[in-house]
Amino acid sequence: YKRQVEFRLLEDRGEPDIGYAAIRLIGERTPTELEEAIAQLGEQGASRLILDLRHNPGGALMASVDVASQFLSGSVVLYEQRKDCQEKPYYASVGGSALDWPLVVLVNGGSASGSEIIAGALQAQGRAELVGEKTFGKGSVQHVHDLSDGSSLHVTVARWLTPHKSHIDDLGLTPDHVIGVSQEDADAGRDPQLDQAIALLRP
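Here the sequence shown is numbered in our numbering, starting from 40 and rising by one per residue.
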């Protein structure tokens, strides 16, 4: 049993009221784990949060909506655009556990699909600034048909749009603060993206 949400207070960075939660993938347990993480961080004194969606390939659509619902109440999380051009809105549920917490979201080229839905919703609704690098750009629903020669046909049946109706597919999300992590940074254990997120959350 591997946790999908890892969290801690950033006391090591001298920030006892900033919580950090990293979501590695999005599954059925993720929303509950995030809710528990926020509750525990709050008990430990956190009142602001950095949500790390870097290298998160996504996962279940409804779980992604439920994750966004911790920070958004009742507003649109995404539109699903079907072939007949009908746009179906998905709304955040009401009563999230961190609706008032200042929030910054970390993303990079490994953030795809469900994590782009979450980040796109929080950015478009003005709920959080994104820090990092442009996301992967996987915002489509595909049905896979296996063919008799062993190959498969991927048919796109729907595309996901942000609350502003921007396409995610092939375009990705551009962060509010574009910052890379060089090999040199990584080798030295530095994380300029996290540094920027902390700076944005300082009062």
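Note that beta-carbon positions come from the ideal geometry of N, C-alpha and C, so glycine has one too.
Whose C-beta lies closer than 7 Å to the C-beta of residue i among residues of the same chain, with five residues either side of it excluded?
i      : result
Pro128 : Val115 and Tyr118
Leu100 : Gly153
His206 : Gly178, Arg198 and Leu200
Arg166 : Phe110, Leu111 and Leu142
Who are the near neighbours of residue i in its chain, counting only those whose CB is closer than 6 Å to its CB and skipping five residues on each side?
i      : result
Val194 : His182
Ile89  : Tyr59, Val143 and Ala236
Ser132 : Ser108
Cys124 : none
If I measure Cβ to Cβ from residue i and keep anything under 8 Å in the same chain, skipping five residues before and after, which residues do I get?
i      : result
Pro70  : Ala102, Asp105, Val106, Ser108 and Gln109
Gln1   : Residue 1 lies beyond the residue range present for the chain, which begins at 40 and ends at 242; the question has no answer from this structure.
Ser191 : Val183, His184 and Asp185
Give the straight-line distance between the Cα atoms of residue i and residue j, rounded to the nearest whole angstrom.
i      : j      : result
Leu111 : Ser187 : 46 Å
Phe175 : Asn95  : 10 Å
Gly241 : Glu126 : The sequence shown places Arg at residue 241, rather than the Gly named in the question. For Arg241 and Glu126, the distance between alpha carbons rounds to 38 Å.
Ile249 : Asp234 : Outside the modelled stretch of the chain, which goes from 40 to 242, sits residue 249, for which no answer is possible.
Ala160 : Pro202 : 6 Å
Leu145 : Ala225 : 16 Å
Glu54  : Ser221 : 24 Å
Phe46  : Gly98  : 19 Å
What whole-angstrom Cβ distance do residue i and residue j have, given they're in contact under 8 Å?
i      : j      : result
Ile62  : Leu73  : 7 Å
Leu92  : Ala137 : Between Ala137 and Leu92 the Cβ distance is about 15 Å, and since that is not below 8 Å, they are no contact.
Leu48  : Ala85  : 6 Å
Glu168 : Asp215 : 4 Å
Val170 : Arg121 : Incorrect: roughly 33 Å between the Cβ atoms, too far for contact.
Arg87  : Asp56  : 6 Å
What alpha helix (DSSP H) runs, 4 residues minimum, are completely inside the segment 56-129? Here the runs fully enclosed are 69-82 and 100-107.
Quick one: any contact between the segment 210-230 and the segment 140-159, if contact means 3 or more CB pairs under 8 Å? Result yes; three or more Cβ-Cβ pairs closer than 8 Å.
Report the start-end ranges of each beta strand (DSSP E) in the segment 164-241 that is 3 residues or longer and not cut off at the edges. Runs of the beta strand (DSSP E) spanning 3 or more residues and lying entirely within the segment 164-241 occur at 168-171, 179-185 and 191-200, in chain order.
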